[in-house]
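Report on the following structure.
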Amino acid sequence: MHIPGFDPTGSATREQIEGAELLLGIRFPSLYHDFIARYGGADGDAEFPVPGTEYPASVGLWLSLSPWESQSLWSILESWSVHELPNEIVPFGLDGGGNLLCFDYRLSPNPKVAFWYHELEGEDGLHLISETFEGFLGTLREPSDD
């Protein structure tokens, strides 16, 4: 698996992945297991289309599952209630400007991928990006120079 704009870090262990699932009460998509084991905590730059807009968004960091890293799933969740987001929204990526890529488990145990714009309150800031994590990964591309 190659993600444009990112180098593998090899940071997440199976224990961290399974522990996060247990603590959060969810099952990550199976492809995410392989993905986070290779790219957890990796920074870089990739663009993806945002349905309904002409401008792409970007991801600059894949959140780590390590509780000891400053840019981890756990550090983001520490302030989750302030953002008025439900527990069924689980962040996994950051764009560099405070916006988050998230798994959306509100309607199904098979999550959709949403982009959360931090300027908007709570669920009003969520925008559907893809029906599946695999579909989302297929849209990632190197940033354009436009």
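No gaps in the numbering here: position 139 of the sequence shown is 372 in this note's numbering, and each next residue is one more. For glycine and all other residues, C-beta sits at the position ideal for the given N, C-alpha and C.
{"Asked": "Anticipated Cβ contact below 8 Å, G293 with D267, distance rounded", "Found": "Between D267 and G293 the Cβ distance is about 21 Å, and since that is not below 8 Å, they are no contact."}
{"Asked": "Closest residue to Q304 among P342, L359, G273 and F348 (Cα-Cα distance)", "Found": "G273"}
{"Asked": "Cβ neighbours of G355 in the same chain (closer than 7 Å, five flanking residues each side left out)", "Found": "H316, E317 and L318"}
{"Asked": "Beta-bridge pairing of H360 - partner residues as DSSP gives them", "Found": "F348"}
{"Asked": "Three CB pairs or more closer than 8 Å across the region 251-263 and the region 283-290", "Found": "no"}
{"Asked": "Inter-stretch contact (C-beta, 8 Å, three-pair minimum) for the region 348-365 and the region 326-336", "Found": "yes"}
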